[in-house]
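Protein sequences appear in the order of chains A and B. Using my numbering, the first residue of the first sequence is number 58, and each one after it goes up by one. Using my numbering, the first residue of the second sequence is number 190, and each one after it goes up by one. Glycine residues also receive a C-beta, built at the ideal position from the N, C-alpha and C atoms. Below: the structure, in structure tokens.
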Amino acid sequence: AQSVTQLDSQVPVFEEAPVELRCNYSSSVSVYLFWYVQYPNQGLQLLLKYLSGSTLVKGINGFEAEFNKSQTSFHLRKPSVHISDTAEYFCAVKIMDTGRRALTFGSGTRLQVQP
Amino acid sequence: GAGVSQSPRYKVAKRGQDVALRCDPISGHVSLFWYQQALGQGPEFLTYFQNEAQLDKSGLPSDRFFAERPEGSVSTLKIQRTQQEDSAVYLCASSWGTGRPTEGAFFGQGTRLTVV
Numbered sequence: 058a059q060s061v062t063q064l065d066s067q068v069p070v071f072e073e074a075p076v077e078l079r080c081n082y083s084s085s086v087s088v089y090l091f092w093y094v095q096y097p098n099q100g101l102q103l104l105l106k107y108l109s110g111s112t113l114v115k116g117i118n119g120f121e122a123e124f125n126k127s128q129t130s131f132h133l134r135k136p137s138v139h140i141s142d143t144a145e146y147f148c149a150v151k152i153m154d155t156g157r158r159a160l161t162f163g164s165g166t167r168l169q170v171q172p
Numbered sequence: 190g191a192g193v194s195q196s197p198r199y200k201v202a203k204r205g206q207d208v209a210l211r212c213d214p215i216s217g218h219v220s221l222f223w224y225q226q227a228l229g230q231g232p233e234f235l236t237y238f239q240n241e242a243q244l245d246k247s248g249l250p251s252d253r254f255f256a257e258r259p260e261g262s263v264s265t266l267k268i269q270r271t272q273q274e275d276s277a278v279y280l281c282a283s284s285w286g287t288g289r290p291t292e293g294a295f296f297g298q299g300t301r302l303t304v305v
């Protein structure tokens, strides 16, 4: 079985500062990796995904993430955050090469951007 | 429609009551997923449909939970004899293809169920 660990439940940061949201996964097979964002009272929106190829993935709203196979990590970064980035962020995995299509999510990290 | 629509947005049910939650996926989307999100947690998979076929129901927590998608579009998640531990946000997601990872899944805003 696979699992996803998001090490920080909350990350406070000042506006225009850089941020890193950490994600580690555990799986006996290869996985695809995703980051979703959930704004208050809204559904989840896909930020970016890693399927194969370059380990540095760029997403929407200036976010990027780097896949590190040896450390089984997929940390999300942004060089300069805005107030509007305040939201809940979820890391998720999907198993490769099987009929199982469900995502396994982490417990989320609440990013709080302060002025 | 423009996005995945779920109704109602909020539902309060008395313990023991049956509830039905509706999901209208994006028109033409083949795949439909239901997830349960407890307070302070990430979403957890409940069940998956490809058109009208329920291909995976491994995440349904008990036989009180039942989902259907009879015509391959709108889906209903039914919970019988609700209990307090059923209180959560129920999320629906759809995608145009057969649920492969190269496809983006679009999520609805969810239905917040509170069992009192």
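Taking a Cβ-Cβ threshold of 8 Å, the residues of chain B close to Leu-101 (chain A) are Pro-232, Leu-280, Ala-282 and Phe-296, in chain order.
Looking at the DSSP output, Asn-240 (chain B) bridges to nothing. Neighbours of Gly-261 (chain B) in chain A, taken as residues whose beta carbon is under 8 Å from its own, are absent, since the nearest beta carbon is some 16 Å off. Using a CB distance cut-off of 9 Å, Tyr-93 (chain A) counts as an interface residue toward chain B. Contact between Gln-298 (chain B) and Gln-195 (chain B) holds: their C-beta atoms lie close to 6 Å from each other, under 8 Å. Ser-164 (chain A) has its alpha-carbon roughly 31 Å from the corresponding atom of Gly-217 (chain B). At a Cβ-Cβ threshold of 9 Å, Thr-265 (chain B) and Ser-247 (chain B) do not count as neighbours.
Not a single C-beta of chain B is nearer than 9 Å to the C-beta of Gly-116 (chain A). If you look at Phe-254 (chain B), you'll find it in the beta strand (DSSP E) that goes 254 to 257.
When secondary structure is reduced to three states using DSSP, Ser-141 (chain A) falls in the helix class.
By the neighbour-count criterion, in which 16 or more other beta carbons inside 10 Å mark a residue as buried, Tyr-96 (chain A) falls on the exposed side. DSSP places Ala-294 (chain B) in no beta strand (DSSP E); its state is neither H nor E.
Membership of Asp-65 (chain A) in any beta strand (DSSP E) is not indicated, and neither H nor E is assigned to it by DSSP.
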